[in-house]
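Visitor: There's a structure below that I have some questions on.
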Amino acid sequence: MDEQTARRDLIRICQLMYERSYVVSSDGNVSVLLEDGRVLATPTMTCKGRMTDDLLAITDLEGSALNGNRASSELAMHLLIYRERPDVRAVCHAHPPHGTAFAVAGLPIDQPILSEVILTLGCVPLAEYGTPSTDELTNAMRPLVKHHNALLMANHGAVAYGSDLWQAFDRLETLEHTAKIAILSRVLGGSRNLPPDAIEKLINVREAAGYLDEGARCQACGYLHETSLACPSGDRPVARSSSYSSANGAGKVSLTREELVELLSQATRLND
Ligand code: 13P
């Protein structure tokens, strides 16, 4: 993609993020890796709804400024993603309200409730909290970036990435839409997960079609918890809400609602 098209698309995506309330005020940041290896990024502390071409920053892959504009304070997060994922050329970070509500509640978006989401996005794990713009944040995200196309950042927001700006934005949009549907279904009494055989078929379809490869199978993924499909790597981090909570207090164990219900029903059966 030539630089002029990248600049135009980036500004349009900033506007869309603002119009859809994925960001307010100066929240969020977007970048694209240009063909010559330079990074075009939103400047720090600037409203995405009022972004103009002359404000955009350019850096190299180490984050050194190549023009007079100061890039986002979260540039290190973007550079980490480009380093870990050679297939990725664009990153969108925002605070979309429904997705961020999951991040604030300490929950990943990993329940198998929507066929299209299993096909196109896969599960969205939750990275532990890290202070924005510091190594804490990038260290928490690093183990998850390879296996997922979008992440939640605890008590912060969401990031999605892809082979171009539109794919990164589409993934952010799918994340937010999924989180909204998950919350609404809970208001209606709770969502029903797809059965394991249906999930297995969807995962086979997505791998055969090349939407997502085996790398997207992860132990953190609620889809795979329900199927017989093996995770290709046994040493993946488990970034479920329970691991986030237990990290907050030594010796303290916390469970998801489903885990608690299962434990209680096992205890009831033992007492019968
Ligand atoms: P910047 O304005 O530095 O890009 O930071 C915005 C943001 O959303 C931080 O999480």
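Going left to right, the sequence shown walks through residues 3 to 274 as the numbering used here numbers them. Think of the CB as a built atom: it goes at the ideal place given N, C-alpha and C, for glycine as much as any other residue.
I think A96 touches A160, with their Cβ atoms under 8 angstroms apart; what is that distance to the nearest whole Å?
Guide: So it is a contact: roughly 6 angstroms between Cβ atoms.
Visitor: Which residues mark the beginning and the end of the beta strand (DSSP E) in which G164 is found?
Guide: Unbroken beta strand (DSSP E) run through G164: G159 to G164.
Visitor: Only counting the same chain, and skipping five residues up and downstream in sequence, which positions put a Cβ closer than 7 angstroms to that of I290?
Guide: Any question about residue 290 goes unanswered here, given that the chain covers just 3 to 274.
Visitor: Given a cut-off of 8 angstroms on the beta-carbon distance, is the pair I60 and V41 in contact?
Guide: Against a cut-off of 8 angstroms, the Cβ pair of V41 and I60 comes out as a contact.
Visitor: Can you give me the start and stop residues for the beta strand (DSSP E) that A142 sits inside?
Guide: Where A142 is concerned, there is no enclosing beta strand (DSSP E), although the alpha helix (DSSP H) it sits in stretches over D137 to V147.
Visitor: Does DSSP classify H80 as helix, strand or coil?
Guide: H80: helix per DSSP, three-state reduction.
Visitor: Apply the 10 Å Cβ neighbour rule to P88 and answer buried if 16 or more other Cβ atoms are within range, or exposed otherwise.
Guide: Classification for P88: exposed.
Visitor: Do N71 and A105 have their beta-carbon atoms positioned less than 8 angstroms apart in this structure?
Guide: Going by C-beta atoms, A105 is not nearer than 8 angstroms to N71.
Visitor: Secondary structure at L190, three-state DSSP: helix, strand or coil?
Guide: L190: coil per DSSP, three-state reduction.
Visitor: Starting from T61, follow its DSSP beta bridges and name the residues at the other end.
Guide: For T61, which the question treats as bridged, DSSP gives the partners V41 and A67.
Visitor: Beta carbon of P45, beta carbon of A73: below 8 angstroms?
Guide: Yes.
Visitor: Does the beta-carbon distance from E86 to R173 come in below 8 angstroms?
Guide: Their beta carbons are not under 8 angstroms apart, which means E86 does not touch R173 by this criterion.
Visitor: When you compare only the Cα positions, how much space is there between I15 and L36?
Guide: Distance between the alpha carbons of I15 and L36 is about 16 angstroms.
Visitor: Taking only the alpha-carbon atoms, compute the straight-line gap between D55 and D38 and give it to the nearest angstrom.
Guide: Approximately 19 angstroms, taken between the alpha carbons.
Visitor: Alpha carbon to alpha carbon, how far is K181 from P127?
Guide: The residue you asked about is not Lys; residue 181 is Ala in the sequence shown. Distance between the alpha carbons of A181 and P127 is about 12 angstroms.
Visitor: Would you check whether the ligand 13P has a heavy atom nearer than 7 angstroms to the C-beta of T54?
Guide: No, the Cβ of T54 stays beyond 7 angstroms of every heavy atom of the ligand 13P.
Visitor: Hey, could you find the ends of the alpha helix (DSSP H) S117 is sitting in?
Guide: Where S117 is concerned, the enclosing alpha helix (DSSP H) stretches over S117 to T122.
Visitor: In angstroms with no decimal places, state the Cα-to-Cα distance between M282 and Y24.
Guide: Since the first residue of the chain shown is 3 and the last is 274, residue 282 is not available in this structure.
Visitor: Can you tell which of W168, G164, A222 and R188 has its C-alpha closest to the C-alpha of L214?
Guide: Selected option, being the one with the closest Cα: G164.
Visitor: Within 10 angstroms of the Cβ of P197, are there 16 or more other Cβ atoms? Answer buried if so, exposed if not.
Guide: Exposed, by the Cβ-count rule.
Visitor: Using only the alpha-carbon positions, how far apart do E5 and S193 sit?
Guide: Distance between the alpha carbons of E5 and S193 is about 44 angstroms.
Visitor: Measuring CA to CA, which of C94, G101 and R52 is closest to I183?
Guide: It is G101 whose Cα lies nearest to the Cα of I183.
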